[in-house]
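Reminder that position 415 of the sequence shown reads as 415 in the UniProt record's numbering, one-by-one numbering, no gaps.
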Amino acid sequence: MPKINVENIDDSKKIQILKKAVEKEGLSYTAKKLGIDRSTLNRYINGKIQRIPNDIIEKAAELLTIEELSDIIYGFRTVEVDPTIALSTVIKAVKDEGFRNFFINLIWQYLGEYLKAASNTYIVSKEDVELFEKFVRENRAKKTADEHIQNIRRILADLNYELIPERIKEYMLDLQSENLNRARHYATTLKLFIKEIIKPKNSRVAKELYDSFKLPKRKFIYKPPPLSLDTLKKIFNNINDLGARALFLLLAETGLRVGEVLSLKIDQIDLEHRIIKIMKESETKRAYISFLHQSTARWVKEQYLPYREEFVRKYEDSIRKLAAANPEQGINIEEWKVKLFPFREDILRAEIKEAMKKVLGKEFRLYDLRSFFASYMIKQGASPMIVNLLQGRVPPQQFRILQDHYFVISDIELQQYYEKYAPKILE
């Protein structure tokens, strides 16, 4: 525990610090650590010596945890905190060294995992894309430049213009399992983008992103960890944040890619008919529709959407100010307002990881929920073709051939297969 500035602490709280140290460590040990005898320490505690030297209190504070000190000095009070209060707290930490030490330690103790995750995130701006296009046109042959530009636009669209090491790794593994040649080209483009555009702006984050994936050399064969439905239910129940809980629920019950779920807009969810309208098509994959179980649709409507709407209402003004202060980031308020998940992805991931650790003592990748969905469906008796259709694994050309000539299936029939075979977290 770092030393705190005790000059502004009143005498009663100084005595409380000493009492807590004695209660925790014993009279003899505490007196020894403070460099005084037991009699003097007793007199301090009983108020018989009016002035207690600051160095004595600083040493006693080192014997306490951050929670114990906070309880004595500030008290744990649950209050409604808005962005103004949060900003005022930061300003106080900037100006008050003693409070700053306390505040930083408190933040790291309770939010360390979230800070680590957030510190590895890079939001790609319109300016970044324009700089990259300019760079490749000036430094690469026309054909190569055109390919890089086409690749980076597709990559960023798939990743929602938010680069996070874990999501990049999942994205590249997904590509590698489907089309090795395309995975190589995309990896080459993304590494070039990180090196030339992100590194000059933030070398530390650039290194995290650059090292999160390798150039594919062979088709990837990944063996996901064995997961059971009961395990996923326990993890779901241990996720504290409602946004993270909703994300985990949809990933587990739909088997969709993380990026596909995070990029959903409110109007793509039809709760009445329990349909998710993905309508996404690329050269290698087609994910056009998925479904919700009745219990999930009800939970989303009654639990998640009110929480989401309140979040947007509460923070819209702050986001507008952030956008106005940072026009180069190209923050689109209207797009943010209609996102099904208007939260930071890194925070959602960190919340889910915490629940995984509570249940399993370790983490697994969100990408593994996609594998779980497929294996669960097939074990329940679903056709692999149905699973591929639901998970968007069928390339567009093959899908059209199936529809036109061999395999005709309506959305209603597909939903019936989903209802019968798909995993249910809520029952």
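Each residue gets a CB set at the ideal place from its N, CA and C atoms; glycine is no exception.
Item	Value
For F291, the residue or residues it bridges with in DSSP	I275
Closest by C-alpha distance to L131, when choosing among E208, I149, N120	I149
Alpha helix (DSSP H) segment containing Y171, residue limits	165-178
Reduced DSSP secondary structure (H/G/I, E/B, other) of S270	Note that residue 270 corresponds to Asp in the displayed sequence, not to Ser. The answer is strand: DSSP assigns D270 an E or B state.
Chain-order list of residues whose beta-carbon lies under 6 Å from that of I386 (same chain, five-residue window excluded)	Y417
Residue span of the alpha helix (DSSP H) that contains I333, given as start and end	333-337
Cα-Cα separation between Q403 and E334, rounded to whole angstroms	Any answer about Q403 is weak, because its pLDDT of 49 lies below 50 and its placement is not dependable; what the coordinates show is given next. Roughly 37 Å between the two C-alpha positions.
Classification of V90 by the beta-carbon crowding that lies within 10 angstroms, buried from 16 upward	exposed
E162 - DSSP class collapsed to helix/strand/coil	strand
Alpha helix (DSSP H) segment containing L131, residue limits	126-139
Rounded separation between I239 and L247 - CA only	10 Å
Distance, E162 Cα to V338 Cα	17 Å
Element boundaries [alpha helix (DSSP H), containing G259]	258-262
CB-CB length for I369 against L251, believed under 8 Å	In the sequence as displayed, the identity of residue 369 is Leu instead of Ile. With a Cβ gap of about 4 Å, L369 and L251 count as contacting.
P225 versus D211, E302, F372, A187, residue with shortest Cα-Cα distance	F372
Buried or exposed (CB count within 10 angstroms, at least 16 for buried), T78	At T78 the pLDDT is 46, less than 50, meaning the model places this residue with poor confidence; the figure from the coordinates comes in the next sentence. Answer is exposed; the Cβ neighbour count stays below 16.
Anticipated Cβ contact below 8 Å, E351 with D241, distance rounded	4 Å
Secondary structure of K234, DSSP reduced to three states	helix
C-alpha distance - residue 516 paired with D10, whole-angstrom precision	Because residue 516 is not part of the residues shown, which for the chain are 1 to 427, the question remains open.
Three-state secondary structure assigned by DSSP to K265	strand
Reference H293, options L64, M377, A422, closest by Cα	A422
Cβ-Cβ distance between L159 and Y171 below 8 Å	yes
Collapsed DSSP secondary structure at I9 in the structure displayed	coil
Residue interval of the alpha helix (DSSP H) (run including F341)	Neither: F341 is in no alpha helix (DSSP H) and is coded neither H nor E.
Spatially closest choice to R313 from F343, W299, I331, A324, by CA coordinates	F343
Contact under 8 Å by Cβ, Y122 with V205	yes
Euclidean distance between Cα positions of A145 and R137	5 Å
S290 and I269 closer than 8 Å at C-beta	no
One or two residues paired with Y122 in a DSSP bridge	L163
Endpoints, the alpha helix (DSSP H) within which N388 is located	384-391
Option nearest K199 by Cα separation, candidates L27, D128, N151	D128
Simplified DSSP state of L64, which is helix, strand or coil	coil
M356 vs F364 beta-carbon contact at 8 Å	yes
Cβ pair K424, S295 closer than 8 Å	yes
Pair within 8 Å by beta-carbon distance, I45 and I72	no
Closest Cα partner of L64 within the set T40, K33, K207	K33
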